[in-house]
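If you use the numbering used here, the sequence shown corresponds to residues 743 to 1117, in order.
Since the structure comes first, as structure tokens, the remarks are kept for the end.
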Amino acid sequence: MIQQFTLLFLYLSFATAKAITGIFNSIDSLTWSNAGNYAFKGPGYPTWNAVLGWSLDGTSANPGDTFILNMPCVFKFTASQKSVDLTADGVKYATCQFYSGEEFTTFSSLKCTVNNNLRSSIKALGTVTLPIAFNVGGTGSSVDLEDSKCFTAGTNTVTFNDGSKKLSIAVNFEKSTVDQSGYLTTSRFMPSLNKIATLYVAPQCENGYTSGTMGFSTSYGDVAIDCSNVHIGISKGVNDWNHPVTSESFSYTKSCSSFGISITYQNVPAGYRPFIDAYISPSDNNQYQLSYKNDYTCVDDYWQHAPFTLKWTGYKNSDAGSNGIVIVATTRTVTDSTTAVTTLPFNPSVDKTKTIEILQPIPTTTITTSYVGVT
């Protein structure tokens, strides 16, 4: 019988769970900490720490309810953990799972579930810190090409969505300090695949290219190239962080193995630049080396032979976290004739729980009787 009651309770809890919105109410700050010795404060460089305000009201939210924060133009969460709890005064009121967009979607999301600590008498509120990196492109995939247009150098507005509620904050992104006329490279780690997407854009030829050969390979045999995940194209320019903004087909021949990839091309029109990107799997994601082929002839110019080698290093993850206060509504009966609400003493620098006391009059009933004898 007890087992049947438990199953019934679980069924009813599941059946009454609902999707709720408006839990996240603000982006309080968005600041950058240099997690990898980067030369400038670019949106794609870890770590951007977004501090969001949240509030859970037990009169409208119940255990099992779910809510989602959608984060357009966010490439990934850079936390070591896979989730973060919404915590107030040391008590967990919801657990939020990280879903990084990476190469799959143009946005990342935080999917949260209210837990059993939230009761109808409780309102918990606080902040949560989310370590993220934005997506400003980096490959020829449809996701990256769309997100390559998310921002420009200078002041931007970052907007996240909790249902119909939009949370926005202004932020300044610095432009790449790398000369756009030379060769361009970038690499990004994708935690869900445990692979790195690496990009190589040929040096600029203002009048177009007569011919060229470009590619990259492992220097010591410790990097495997994934030939099934490759994009090759020509882009009409690059964005402020040196990533392709378009991808069009052109004439080339390709050679690819687990040790390297290269293409030979010819007759690229003015205004376009050839690029290659591929997924790679280094034996050590935090330190690896690639050798690059870099031969090309610009229209009306001489043949250039300028191979180079780059050593890549990783970045340090940041931790997500949450803190806040709890408002507890209690009811106390009094002899007054009207209902009143009072807040007990609360010091926000010391206390973590604010108690709101509801003073409820004792119900009174008048009874009329007749005296008929000894009492």
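Backbone N, C-alpha and C fix where the C-beta goes; we use that ideal spot for every residue, glycine too.
All values reported here derive from a predicted model rather than from experimental measurement.
Assigned secondary structure, residue i (DSSP; H/G/I helix, E/B strand, else coil)
i              : result
leucine 887    : helix
threonine 881  : coil
asparagine 767 : strand
threonine 789  : coil
threonine 820  : coil
threonine 848  : coil
threonine 894  : coil
threonine 801  : coil
threonine 928  : strand
threonine 940  : strand
threonine 1006 : strand
alanine 759    : coil
tyrosine 1044  : coil
asparagine 812 : strand
Closest residue to residue i among the options (Cα-Cα distance)
i                 : options                         : result
threonine 848     : Ser906, Ile874, Met813          : Met813
glycine 832       : Ile769, Asn859, Asn981          : Asn859
serine 842        : Asn936, Trp796, Gly784          : Asn936
serine 993        : His985, Gly795, Thr758, Asn1009 : Asn1009
serine 1060       : Thr871, Ala866, Phe902          : Thr871
leucine 867       : Val920, Arg861, Ala821, Trp796  : Trp796
proline 785       : Ser863, Asp904, Asn984, Pro1011 : Asn984
serine 768        : Asn903, Gly806, Ala761, Ser802  : Asn903
phenylalanine 846 : Lys818, Thr869, Asp827          : Lys818
tryptophan 790    : Thr758, Val900, Gly880          : Val900
Distance between residue j and residue i (C-alpha atoms, nearest Å)
i                 : j                  : result
proline 1016      : glutamine 823      : 38 Å
threonine 1006    : glycine 924        : 19 Å
asparagine 971    : alanine 1020       : 6 Å
phenylalanine 893 : tyrosine 942       : 21 Å
aspartate 1093    : lysine 1058        : Its pLDDT being 47, under 50, aspartate 1093 is placed unreliably in this model, and the coordinates cannot settle the point.
asparagine 898    : isoleucine 874     : 16 Å
alanine 1062      : phenylalanine 1001 : 37 Å
The ligand MN heavy atom lying under 8 Å from the CB of residue i
i           : result
alanine 836 : By its list of ligands, the structure shown contains no ligand whatsoever, and the ligand MN lies outside what it can speak to.
CB contact below 9 Å: residue i versus chain D
i                  : result
phenylalanine 1017 : Among the chains in the structure shown there is no chain D, since it carries only a single protein chain.
Supposed contact pair residue j and residue i - C-beta distance, whole angstroms, cut 8 Å
i                 : j               : result
asparagine 804    : valine 856      : 7 Å
threonine 928     : leucine 1032    : Not confirmed; about 12 Å, so no contact.
serine 1025       : aspartate 982   : About 33 Å separates the two Cβ atoms, so there is no contact after all.
phenylalanine 766 : leucine 909     : 6 Å
phenylalanine 931 : asparagine 1027 : 6 Å
cysteine 854      : threonine 829   : About 12 Å; that fails the 8 Å criterion.
serine 890        : valine 987      : 5 Å
Is it a yes or a no for the stretch 1038–1055 touching the stretch 952–970, going by three-plus beta-carbon pairs under 8 Å? yes
At a cut of 8 Å, does the stretch 901–914 reach the stretch 755–775 through at least three beta carbon pairs? Yes: at least three Cβ pairs fall under 8 Å.
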